[in-house]
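Read through the structure below, which is laid out as structure tokens, and then see the notes.
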Amino acid sequence: MPALGDPETMLKQVQHMVRDDGKDDRGIRGRLYLQMKTFDIAVIGGGPGGYVAAIKAAQLGMKTCLIEKDKAGGTCLHRGCIPTKSLLHSAHLYHLCKRSQEFGITAENVGFDFLQIVRRKDAVVNKLHNGVRSLLKKYGVELIEAEGRLASPDRIILSKDGEAVGEIQSKNIILATGSCTMRPSWIPFDDKYVVTSDELLRMEDLPSSLIIAGGGDIGVEFAGFFNALGTDVTIVEMKDSILPFEERDISTILKRTLVKSGVKILTETTVEDVTVIDGKVHAGIKVKNANQEVLIADRMLVALGRRPVTANTGIEELGIELQNGFVKINERYETSKAGVYAIGDLAGPPLLAHKASQEGILAALHIAGKEAPAINLHLVPRVNYSWPQVASIGLTVKEAEDKSYEITTAKFPFTASSKAIISGDDEVGFIKIVADKKSGEILGVHMIGPDVSELIGGLSIAMSFEAMASDIEHVIFPHPTLSEVIKEAAHLVGGKAIHI
Ligand code: FAD
1 MPALGDPETM LKQVQHMVRD DGKDDRGIRG RLYLQMKTFD IAVIGGGPGG YVAAIKAAQL
61 GMKTCLIEKD KAGGTCLHRG CIPTKSLLHS AHLYHLCKRS QEFGITAENV GFDFLQIVRR
121 KDAVVNKLHN GVRSLLKKYG VELIEAEGRL ASPDRIILSK DGEAVGEIQS KNIILATGSC
181 TMRPSWIPFD DKYVVTSDEL LRMEDLPSSL IIAGGGDIGV EFAGFFNALG TDVTIVEMKD
241 SILPFEERDI STILKRTLVK SGVKILTETT VEDVTVIDGK VHAGIKVKNA NQEVLIADRM
301 LVALGRRPVT ANTGIEELGI ELQNGFVKIN ERYETSKAGV YAIGDLAGPP LLAHKASQEG
361 ILAALHIAGK EAPAINLHLV PRVNYSWPQV ASIGLTVKEA EDKSYEITTA KFPFTASSKA
421 IISGDDEVGF IKIVADKKSG EILGVHMIGP DVSELIGGLS IAMSFEAMAS DIEHVIFPHP
481 TLSEVIKEAA HLVGGKAIHI
């Protein structure tokens, strides 16, 4: 790099130097330009929290930049929600093709091309990545492709490849650096055989066997995907059920269905040691009250949770308060340093994209001095996209009882849904409403079954307006649709459903 001097001269020198190297010079040009910039809002981290916050801030008329060290869209778009759902969609289509005869369709030699499944996933991600970039451009958000580190509550140092390349001033800063996979030090990660979801999503070959450590959302979704394509999958979960935070009857049905389709599930079992011998993963496991066993597989996915990204951000150096490792925020998303805000995974659970985005919108509104409703973390819907899908919102039975509610529950099965029967999805699943016994207020809704990910949004609206089950009894749902189960369950809260 030349010594710092006249920016225009430097720019030409650097551009020339970079062209000789044959490298992309866009980032370098950005570095020199940015040294002179000031903003109303600078957002560090371009995931669904950060990029949404930046767009909202720009829409509110604030001069905004988004600093992203990797790719706009973050974990969700590049290593999380989107690629996994694209893979699951392909696997489900394959599953349906294999059932085609049942629907009177002849499809011979049904098979799959794994590389094409991977390529399609990449194409989906690229398309959405371009979409995010053009939205940022459309709303005038300046995208700075660099790593950002807080130097003070209104100053950010920018670096690339570990080298400081500039700095910016901003009246307000939103931290949205997200989370990363937990990599316990005793597990010998090698990016090939023993991997996290990040590496598994970059794979180009299908393992014939896979051990999944962790039966939470990520582990279960990957289990559904690989099992559908014929991989021999074993989930090892230390708690006594998979998806342990969901209603017990939902976890039980999900387990039963996955086991019936070929997934092996070991609960109350811990992985104690992992080694790779001759290209095979050997995992020593300990089943509760039993001896140690060794599982052997082509690959092992470690899905033991995620932790907030605070390293190299200046958060700790600046003395910003943490709580359980996450950045502590007040009801305005402001951290312990005035003018510095935090949102998304960095600011605590639930670690979900839609929660991050909503916090981004609210933080931007607060900074702009606009009215912003408070977020109710109990009303953040949760979805697992394996098969059958699981979707829930609000309190479980146990949570409601722990809060001393006197509750009533109503459960309506998909076996009685005409649409589920039409699509051949009526074998398993139900909707369960947890309501306050006296008032009928809906406290929680828990579903397992076909496309329940698409049904939960309606319940989200209802619960945001504190709907009573009796309000939903008189809402008209289109027939035949899966959504009718919501109305039926609401009737059931009051006494009797029509169709059972
Ligand atoms: P992130 O998306 O993690 O984005 C943070 C960004 O900050 C990253 O792009 C990172 O490069 C950048 N960054 C970090 N440090 C710096 C720095 N110093 N300077 C500049 N940039 C920096 N959630 C759902 O709601 N639905 C799902 O179906 C779902 N599926 C998932 C599947 C998997 C396999 C995984 C891993 C996660 C999934 N999630 C899902 C969770 C979801 O991805 C996260 O909750 C969400 O991405 C959090 O958004 P965020 O903006 O807080 O952070």
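Residues 1 to 500 (the numbering used here) are what the sequence shown spells out, left to right.
Cβ atoms here follow ideal geometry from the backbone N, Cα and C, with glycine treated the same way.
* Short Cβ contact (7 Å threshold) for residue 390 with residue 253 -> For the pair residue 390 and residue 253, the CB atoms are not nearer than the 7 Å cut-off.
* To do: Whole angstroms is fine: what's the gap from residue 112's alpha carbon to residue 94's?
  => Roughly 7 Å between the two C-alpha positions.
* Kindly give me the distance between the Cβ atoms of residue 147 and residue 158, rounded to whole angstroms, as I take these residues to be in contact under 8 Å. => Their Cβ separation, rounded to whole angstroms, is 7 Å, which keeps residue 147 and residue 158 in contact under 8 Å.
* Going straight from the alpha carbon of residue 364 to that of residue 57, what length do you get? -> Rounded to whole angstroms, residue 364 to residue 57 spans 5 Å at the Cα level.
* **Beta-carbon proximity of residue 286 to residue 268, cut-off 7 Å** => Not closer than 7 Å, so no.
* Can you tell me whether residue 500 is buried or exposed, with buried defined as 16 or more other CB within 10 angstroms of its CB? -> The residue in question, residue 500, is exposed, as its Cβ has fewer than 16 Cβ neighbours within 10 Å.
* **Presumed contact (8 Å Cβ cut-off) between residue 247 and residue 485, rounded CB distance** => Contact annotation, residue 247 with residue 485: C-beta distance approximately 16 Å; criterion of less than 8 Å not satisfied.
* Just reading off the alpha helix (DSSP H) that residue 94 is part of, what are its end residues? -> Per DSSP, residue 94 belongs to the alpha helix (DSSP H) from 81 to 98.
* Asked: Should residue 465 be labelled buried (16 or more other beta-carbon atoms within 10 Å of its own) or exposed?
  -> With fewer than 16 Cβ atoms within 10 Å of its Cβ, residue 465 is classed as exposed.
* **Cβ neighbour criterion (16 or more within 10 Å) applied to residue 487** => A residue is called buried once 16 or more other Cβ atoms fall within 10 Å of its Cβ, and residue 487 is buried on that count.
* Asked: Does at least one heavy atom of the ligand FAD sit under 6 Å from the Cβ of residue 514?
  -> Within the shown structure, residues of the chain are numbered from 1 to 500, placing residue 514 beyond reach of any answer.
* To do: Enumerate in chain order the residues of its own chain whose CB-to-CB distance from residue 189 is below 6 Å, with the five nearest sequence positions on each side excluded.
  => So the list reads 183, once near-sequence residues are dropped.
* Which whole-angstrom value is the C-beta distance of residue 444 and residue 394, which I expect to be below 8 Å? -> A Cβ-Cβ distance of about 3 Å is found for the pair residue 444 and residue 394, placing them in contact under the 8 Å criterion.
* Comparing alpha-carbon positions, which option in 209, 483, 64, 238 lies nearest residue 289? -> The candidate whose alpha carbon is nearest that of residue 289 is 238.
* **Residue from 339, 302, 303, 351 whose Cα sits closest to the Cα of residue 326** => The shortest Cα separation from residue 326 among 339, 302, 303, 351 belongs to 351.
* **Closest by C-alpha distance to residue 312, when choosing among 102, 47, 69** => Ranking the options by Cα distance to residue 312, first place goes to 69.
* DSSP three-state assignment for residue 505, whether helix, strand or coil -> Residue 505 is absent from the model: the chain starts at 1 and stops at 500.
* In the DSSP assignment, find the unbroken beta strand (DSSP E) run with residue 409 in it and report its ends. => Residues 407 to 413.
* In terms of alpha-carbon separation, which member of 143, 125, 417 lies closest to residue 479? -> With respect to the C-alpha of residue 479, the residue from 143, 125, 417 having the closest C-alpha is 417.
* To do: Over the uninterrupted beta strand (DSSP E) stretch that includes residue 64, give me the two end residues.
  => Taken as a continuous stretch (DSSP letters only), the beta strand (DSSP E) holding residue 64 covers 64 to 67.
* What do you get for residue 149, buried or exposed, if any count of 16 or more other CB atoms within 10 angstroms of its CB means buried? -> Buried, because 16 or more other Cβ atoms sit within 10 Å of the Cβ of residue 149.
* Asked: Considering only the beta carbon of each residue, do residue 372 and residue 366 sit closer than 7 Å?
  -> Yes. Within cutoff.
* To do: List in chain order: all unbroken alpha helix (DSSP H) runs of 4+ residues lying wholly within the segment 233 to 264.
  => The qualifying runs are 248 to 260.
* To do: State the Cα-Cα distance for the pair residue 279 and residue 300, rounded to the nearest angstrom.
  => So the alpha carbons of these two residues sit roughly 11 Å apart.
* Check the DSSP bridge columns for residue 163 and list the partner residues they point to. => Partner(s): 160.
* the ligand FAD heavy atom lying under 6 Å from the CB of residue 147 -> Yes - the ligand FAD has a heavy atom lying nearer than 6 Å to the Cβ of residue 147.
* **Closer than 6 Å: residue 444 CB and nearest the ligand FAD heavy atom** => In terms of side-chain proximity, the C-beta atom of residue 444 is found no nearer than 6 Å to any non-hydrogen atom of the ligand FAD.
* residue 501: first and last residue of the uninterrupted alpha helix (DSSP H) it sits in -> This structure gives no information on residue 501, because the portion of the chain shown stretches from 1 to 500.
* To do: Pick helix, strand or coil for residue 463, following the three-state DSSP scheme.
  => For residue 463, the secondary structure class from DSSP, reduced to helix, strand or coil, is helix.
* To do: Consult DSSP for residue 269 and reduce its assignment to one of helix, strand or coil.
  => Correct three-state label for residue 269: strand.
* Asked: Does DSSP classify residue 22 as helix, strand or coil?
  -> Per-residue confidence for residue 22 stands at a pLDDT of 37, beneath the threshold of 50, marking its modelled position as unreliable; no derived number is given.
* Asked: Can you tell me whether DSSP reads residue 497 as helix, strand or coil?
  -> DSSP places residue 497 in coil when its eight states are reduced to three.
* **Candidates 225, 198, 217: closest to residue 210 by CA position** => Out of 225, 198, 217, the CA that lies nearest to the CA of residue 210 is found in 225.
* **Cβ neighbours of residue 71 in the same chain (closer than 7 Å, five flanking residues each side left out)** => Correct list, in chain order: 78, 129.
* **Among 67, 172, 266, the one whose alpha carbon lies nearest that of residue 142** => It is 67 whose Cα lies nearest to the Cα of residue 142.
* What residues in its chain sit with their C-beta under 8 Å from that of residue 100, if we drop five residues either side in the sequence? -> Counting only Cβ-Cβ distances below 8 Å, and skipping sequence neighbours, we find 106, 107, 110.
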